[in-house]
Amino acid sequence: MKIASWNVNSLNVRLPHLLDWLAQAQPDIVALQETKLEDAKFPAEALAQAGYHSVFTGQKTYNGVAIVSRMSSVPEPEDIQIGIPGFEDPQARVLAASYGGLRIIDLYVVNGQAVGSEKYDYKLRWLAAAHDWIAAEHARHPELIVLGDFNIAPDDRDVHDPAIWNENSILTSTAERAALQGLLDLGLVDSYRLFEQPPEQFSWWDYRAAGFRRNLGLRIDLVLASQALKPRISAAGIDREPRTWERPSDHTPVWLELAPA
DNA sequence: ATGGTAGTCTAACTA
Numbered sequence: 291m292k293i294a295s296w297n298v299n300s301l302n303v304r305l306p307h308l309l310d311w312l313a314q315a316q317p318d319i320v321a322l323q324e325t326k327l328e329d330a331k332f333p334a335e336a337l338a339q340a341g342y343h344s345v346f347t348g349q350k351t352y353n354g355v356a357i358v359s360r361m362s363s364v365p366e367p368e369d370i371q372i373g374i375p376g377f378e379d380p381q382a383r384v385l386a387a388s389y390g391g392l393r394i395i396d397l398y399v400v401n402g403q404a405v406g407s408e409k410y411d412y413k414l415r416w417l418a419a420a421h422d423w424i425a426a427e428h429a430r431h432p433e434l435i436v437l438g439d440f441n442i443a444p445d446d447r448d449v450h451d452p453a454i455w456n457e458n459s460i461l462t463s464t465a466e467r468a469a470l471q472g473l474l475d476l477g478l479v480d481s482y483r484l485f486e487q488p489p490e491q492f493s494w495w496d497y498r499a500a501g502f503r504r505n506l507g508l509r510i511d512l513v514l515a516s517q518a519l520k521p522r523i524s525a526a527g528i529d530r531e532p533r534t535w536e537r538p539s540d541h542t543p544v545w546l547e548l549a550p551a
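Each residue of the first sequence is one higher than the one before, counting from 291 in the numbering used here.
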């Protein structure tokens with residue numbers, strides 16, 4: 291069972307890429323971020339024709355998350371949760387659903403803009419709320435996957451230049467990394483690091499300054515899995531190919547492979 | 001060179 295995450299940066303623009311990638315990679319479940327679509331405009335029919343069921347929560351212009359699941363191999367989603375319970379948030383960043391016994395939590399973590407900014411403060415408050423909710427979700431659902439655009443690079447191996455992306459930089463600051471560690475301390479593992487990986491592999495490259503061509507990237511898209519699932523994870527990686535396509539998202543898909551129970 | 005590009009929407013924001 292292949293489970294993936296992809297920040298598509300406008301599903302309206304990227305639907306052809308998503309459909310191509312679904313056909314090529316044959317994932318069972320894909321968590322999407324930055325759909326930038328109101329629910330009424332979500333392309334559920336096109337995805338259904340491709341064999342994928344959709345759950346989604348979006349808004350105009352910004353944010354928006356969705357989970358698509360292959361109808362031929364995955365049960366219908368149940369127990370759908372939109373947003374973090376008890377955390378007032380006008381931004382559509384969180385979606386959870388259960389597929390059989392498997393709980394999936396799709397996160398589009400706040401970017402934070404700059405350390406010390408108002409948006410940074412919102413990012414840290416958002417992460418604290420997410421932490422407490424995910425703790426409760428984990429207790430209810432031992433088979434848990436938390437994936438998405440975390441907007442945090444876990445450590446120096448996950449940035450092209452640790453001198454630039456340091457303890458005072460957005461996406462790598464001490465408080466952000468501590469918040470990510472807090473999520474891992476709930477009993478989640480960064481699936482990518484369970485396996486030997488080539489160096490300098492990233493999931494996001496800035497559109498500016500030819501970031502992709504020069505591989506000036508960060509690994510900020512993560513697939514975290516609970517301890518109960520860990521023995522079943524047979525592979526994990528980053529599929530950088532969609533980032534080479536014409537008019538790409540600035541992110542590329544990340545994935546893990548889960549063996550049957 | 002304190003920039004650059006992309007998406008949404010046509011000004012200015014978010015990333």
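All residues carry an ideal CB built from backbone N, CA and C; glycine is no exception. Please read these numbers as outputs of a predicted model, since none were measured by experiment.
Which residues DSSP lists as bridging residue i, in chain order
i, result
"F346", "A356"
"A386", "Q371 and I395"
"A541", "Checking the sequence, you will find His at residue 541 rather than Ala. W494."
"N297", "Q323"
"S516", "L478"
"K292", "E547"
"L508", "V449 and W494"
"A526", "L546"
Between the CA atoms of residue j and residue i - distance to the nearest angstrom
i, j, result
"S516", "G527", "17 Å"
"P310", "A356", "Note that residue 310 corresponds to Asp in the displayed sequence, not to Pro. So the two alpha carbons sit approximately 17 Å from each other."
"R509", "E490", "9 Å"
"A387", "P365", "11 Å"
"D267", "P432", "With the chain covering 291 to 551 only, the question about residue 267 has no answer from this structure."
"A500", "E378", "38 Å"
"E335", "G348", "16 Å"
"D529", "L327", "25 Å"
"R483", "A404", "27 Å"
"W495", "D511", "11 Å"
"Q314", "A453", "37 Å"
"L392", "L312", "20 Å"
"L506", "T542", "14 Å"
"P375", "A549", "31 Å"
"D451", "T462", "11 Å"
"H421", "A294", "21 Å"
"V303", "V345", "19 Å"
"Q371", "I394", "10 Å"
"A338", "T464", "42 Å"
"K409", "W423", "21 Å"
"S407", "P333", "35 Å"
"T351", "T325", "9 Å"
"N299", "P488", "26 Å"
"K520", "A551", "11 Å"
"D411", "L301", "28 Å"
"K331", "A419", "29 Å"
"R498", "R430", "43 Å"
"E466", "W535", "31 Å"
"N441", "N297", "11 Å"
Cβ pair residue i, residue j closer than 8 Å
i, j, result
"D439", "Y398", "yes"
"L514", "L473", "yes"
"S493", "V544", "yes"
"F502", "R533", "yes"
"L437", "A321", "yes"
"A443", "W455", "yes"
"A525", "F485", "yes"
"D329", "S359", "no"
"P306", "H343", "no"
Presumed contact (8 Å Cβ cut-off) between residue i and residue j, rounded CB distance
i, j, result
"D396", "L385", "5 Å"
"K292", "Q323", "With a Cβ gap of about 18 Å, K292 and Q323 do not count as contacting."
"A382", "N353", "5 Å"
"V362", "G341", "According to the sequence displayed, residue 362 carries Ser and not Val. Going by Cβ atoms, the distance from S362 to G341 rounds to 6 Å, so yes, they are a contact pair."
"L478", "A425", "About 10 Å; that fails the 8 Å criterion."
"I523", "S459", "With 8 Å as the limit, I523 and S459 do not qualify as a contact, their Cβ atoms being about 30 Å apart."
Worksheet item: Going along the chain, which unbroken runs of the alpha helix (DSSP H) with 4 or more residues stay wholly within the stretch 396-476?
Response: Correct list: 408-430 and 464-474.
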